[in-house]
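From first to last, the protein sequence lines are chains A and B.
Reminder that position 129 of the first sequence reads as 129 in UniProt numbering, one-by-one numbering, no gaps.
Reminder that position 199 of the second sequence reads as 199 in UniProt numbering, one-by-one numbering, no gaps.
Protein chains: 2
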Amino acid sequence: MIKTLKETVVFNSIDEKTIKNILEKTKYEIKKYSPNESIAFRGDEVKGLYIILKGTLITEMLTEEGNVIKIEELVPSDVIASAFIFGKKNSFPVDLSVKDEAEILFVERKEFLKLLFSEEKILENFLNEISNKTQLLTNKIWNSFNNKTIKKKFCDYVKKNQKNNLFSIQNLGALAEFFGVERPSLSRVLSELVKDEKLERIGRNKYKILDIEFFEI
Amino acid sequence: MIKTLKETVVFNSIDEKTIKNILEKTKYEIKKYSPNESIAFRGDEVKGLYIILKGTLITEMLTEEGNVIKIEELVPSDVIASAFIFGKKNSFPVDLSVKDEAEILFVERKEFLKLLFSEEKILENFLNEISNKTQLLTNKIWNSFNNKTIKKKFCDYVKKNQKNNLFSIQNLGALAEFFGVERPSLSRVLSELVKDEKLERIGRNKYKILDIEFFEI
Numbered sequence: 001m002i003k004t005l006k007e008t009v010v011f012n013s014i015d016e017k018t019i020k021n022i023l024e025k026t027k028y029e030i031k032k033y034s035p036n037e038s039i040a041f042r043g044d045e046v047k048g049l050y051i052i053l054k055g056t057l058i059t060e061m062l063t064e065e066g067n068v069i070k071i072e073e074l075v076p077s078d079v080i081a082s083a084f085i086f087g088k089k090n091s092f093p094v095d096l097s098v099k100d101e102a103e104i105l106f107v108e109r110k111e112f113l114k115l116l117f118s119e120e121k122i123l124e125n126f127l128n129e130i131s132n133k134t135q136l137l138t139n140k141i142w143n144s145f146n147n148k149t150i151k152k153k154f155c156d157y158v159k160k161n162q163k164n165n166l167f168s169i170q171n172l173g174a175l176a177e178f179f180g181v182e183r184p185s186l187s188r189v190l191s192e193l194v195k196d197e198k199l200e201r202i203g204r205n206k207y208k209i210l211d212i213e214f215f216e217i
Numbered sequence: 001m002i003k004t005l006k007e008t009v010v011f012n013s014i015d016e017k018t019i020k021n022i023l024e025k026t027k028y029e030i031k032k033y034s035p036n037e038s039i040a041f042r043g044d045e046v047k048g049l050y051i052i053l054k055g056t057l058i059t060e061m062l063t064e065e066g067n068v069i070k071i072e073e074l075v076p077s078d079v080i081a082s083a084f085i086f087g088k089k090n091s092f093p094v095d096l097s098v099k100d101e102a103e104i105l106f107v108e109r110k111e112f113l114k115l116l117f118s119e120e121k122i123l124e125n126f127l128n129e130i131s132n133k134t135q136l137l138t139n140k141i142w143n144s145f146n147n148k149t150i151k152k153k154f155c156d157y158v159k160k161n162q163k164n165n166l167f168s169i170q171n172l173g174a175l176a177e178f179f180g181v182e183r184p185s186l187s188r189v190l191s192e193l194v195k196d197e198k199l200e201r202i203g204r205n206k207y208k209i210l211d212i213e214f215f216e217i
């Protein structure tokens, strides 16, 4: 168990002896789950720190349309819902279930706060962990906002410059400059259009339009 | 100054005497800015805790398209970029400038970590603050994802059921049920369409279509 904990974001750079000492002073629980068991539903309270010691967990979202979207798999040493332990909305953002037989170390919120307060390095680790979460999300929102507008410019351009549903780019850098955007951003929009099967790449800088209606927007 | 600090998320529920004691033991700096002065650009390093003591700050984003979007105004007792003090990407997510003459209390990151470690309530306050940020963003992403699909269903429905660009809803709850979505979600999509000037509300549950092309999508 100590080895698995040492690999978590929380106990990162803490030596095994210190982890052992901390565990001796901390109230914790080991929860065991069978395959396919449901651990929590979106909206259930996150009651403290959950660290996976054994097994694989699946996070899923049930959309309001009734579709189930698999988000990710969690494995040993992963911390579950770290940014939802504190804050106002202490609830799981996703459904959580078990793939293989699993074991989870659980430390109740108040007790975890004491633990954070007992070792400055652990506190710093945890602050980094939840700050990273926010930073990733901010970046994601920013990219999707920017891509939406770059995509619009690019679609207009494709519409005007296509011939028989074929389209080629002379110089990506120049095109980005023409749009007044960064080259990597334009590149990202292009990959997205290929991934979404709106365009097919048929050669170096040559594309075939798969969904002509999309570019009419 | 103590009064302003007492109102911040960081020193919430800490009495003035304790704040005074903490300040005496903490290295801090008071930075002064003139009106219209730029404090930081998106990407600049966030070096620690910044609390506004006086004046109004403006956060703006320069999109890759070259447009400036004003995000929000920050006022005394606000903490700047709290979720960007720790974590890997320690940089301002927005441009930050001064509207009126301003004063900011600055505590360097390492020193702020010591401060968090010195008082459990402050630590808990700060953990709540940055967790709330993540929770808000998660919620925002989730809503925009869900609204995208609900909006599509609703637009199809409007297209089929409009007459001379007019459209009425008999029963919003029943329509939500018909779509298999929650009523507040459908309601949110409707308000968004009105706000974006795609629809105009002309009576109780009666709407005029302003942008017919939009509903053709």
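Each residue gets a CB set at the ideal place from its N, CA and C atoms; glycine is no exception.
CA-CA distance, LEU74/A to GLY48/A, rounds to 17 Å. Between LEU53/B and PRO35/B, the gap from beta carbon to beta carbon reaches 8 Å or more. The beta carbon of GLU7/A lies closer than 6 Å to those of SER77 in the same chain, with the five residues before and after it left out.
Nearest to ILE85/B by C-alpha distance, out of PHE126/B, GLY66/B and PHE117/B, is PHE126/B. Identification of residues in the segment 84-102 of chain B having a C-beta nearer than 8 Å to some C-beta of chain A yields PHE84, ILE85, PHE86, GLY87, LYS88, LYS89 and PRO93, given in sequence order. Under the 8 Å criterion on CB atoms, VAL9/A is classed as non-interfacial with respect to chain B. Between LYS198/A and ASP211/A, the C-beta gap is smaller than 8 Å, which places the two residues in contact. By the neighbour-count criterion, in which 16 or more other beta carbons inside 10 Å mark a residue as buried, ILE202/B falls on the exposed side. Comparing alpha carbon positions, the residue from THR26/B, VAL68/B and PHE11/B closest to GLU111/B is THR26/B. At a cut-off of 8 Å between C-beta atoms, LYS140/B counts as an interface residue with respect to chain A. Distance from the CA of GLU177/A to the CA of ASN171/A, rounded to the nearest whole angstrom, comes to 10 Å.
In the DSSP assignment, LEU105/A is bridged to ILE30/A and ILE51/A. Rounded to whole angstroms, the separation of the alpha carbons of ASN147/B and SER185/B is 7 Å. Residues of the same chain with a CB within less than 6 Å of the CB of LEU5/B, apart from the 5 flanking positions on each side, are PHE11 and ILE19 in chain order. Listed as beta-bridge partners of GLU45/A by DSSP are SER91/A. Against chain B, the CB of ASN146/A has a partner CB under 8 Å away; the residue lies at that interface.
GLY203/B has LYS206/B as its beta-bridge partners, per DSSP.
Inter-residue distance for ASP100/A and THR59/A is about 13 Å (C-alpha atoms, whole angstroms).
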